[in-house]
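In what follows, a single structure is set out as structure tokens and then discussed.
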Amino acid sequence: AQSVSQHNHHVILSEAASLELGCNYSYGGTVNLFWYVQYPGQHLQLLLKYFSGDPLVKGIKGFEAEFIKSKFSFNLRKPSVQWSDTAEYFCAVKLFAGQNFVFGPGTRLSVLP
Amino acid sequence: SAVISQKPSRDICQRGTSLTIQCQVDSQVTMMFWYRQQPGQSLTLIATANQGSEATYESGFVIDKFPISRPNLTFSTLTVSNMSPEDSSIYLCSVEDVGVRETQYFGPGTRLLVL
């Protein structure tokens with residue numbers, strides 16, 4: 097069965113530190129890849145997505161992610177985090193032409209002021 | 094992107110009762126989805142609800158426990174039946190936006206506590 101793993105359960109950073117959150121998936125076919133963010137008390141929001149083309153995709157709020165097909169990875173990065181980035185981050189995979197998303201377990205990011 | 098609202102936003106229910114959660118979208122969408130997010134965990138798909146057809150349930154979820162209605166292209170309901178404390182969770186509605194294919198957008202969720 098297809099699965100999505102995220103490397104870290106909880107990441108704690110100071111403001112201005114660089115961020116990289118890992119995401120790996122198990123499916124070998126064509127996939128669409130997503131990162132969602134859930135700020136405290138708010139609903140899930142789409143950060144960015146990859147369908148095809150340039151494997152480095154840019155999203156909202158200065159986030160970017162790189163798709164490395166050979167590693168089945170889609171890591172999320174931000175060069176300098178802010179306190180307002182404190183949230184839960186979910187990686188999700190959708191099989192090409194499939195209906196359903198598979199979500200990773202999530203990574204909680206705490207940014208210290 | 095589609096704007097999604099859910100009612101109620103939260104509820105506290107007694108064991109053995111049922112709760113119906115409503116999901117309203119501001120535009121017509123073909124595919125709607127219901128997820129569960131248990132405390133401290135990720136999202137698990139309960140079922141896919143397409144207008145005009147029976148909902149498709151994922152493994153571990155059954156229609157008797159989670160009946161779903163999809164009467165039109167902007168509305169769906171999920172009922173959590175005969176509740177137990179294990180059903181305490183956040184229930185989320187999402188849609189695949191016709192304007193942004195292959196991407197799901199989520200409602201604010203319904204936080205349910207079963208005593």
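Which chain is which? The protein sequence lines are A and H, in order. Heads up: the first sequence begins at 97 in my numbering, then just goes up one per residue. Heads up: the second sequence begins at 94 in my numbering, then just goes up one per residue. All C-beta atoms, glycine included, are put in the ideal place defined by N, C-alpha and C.
Among the residues facing chain A, residue 138 of chain H is included, as its CB has a counterpart in that chain under 8 angstroms away.
Between the alpha carbons of residue 165 of chain A and residue 97 of chain H lies a distance of about 33 angstroms. For the 8 angstroms CB-CB criterion, residue 117 of chain H and residue 168 of chain H form a contact. Spanning the alpha carbons of residue 117 of chain A and residue 102 of chain A requires a straight line of approximately 7 angstroms. Across the segment 159–183 of chain A, no CB contact with chain H closer than 7 angstroms is found for any residue. As DSSP reads the structure, residue 129 of chain A sits in a beta bridge with A:146 and A:189.
Residues of the same chain with a CB within less than 6 angstroms of the CB of residue 169 of chain A, apart from the 5 flanking positions on each side, are 120 in chain order. Short of 6 angstroms from the beta carbon of residue 170 of chain H, and not among the five residues preceding or following it, lie these beta carbons of its own chain, in chain order: 113, 115 and 162.
Take the alpha-carbon of residue 165 of chain H and the one of residue 103 of chain H: they are about 24 angstroms apart. Note on geometry: alpha-carbon atoms of residue 106 of chain A and residue 184 of chain A lie some 9 angstroms from one another. Boundaries of the beta strand (DSSP E) around residue 164 of chain A: 160–164.
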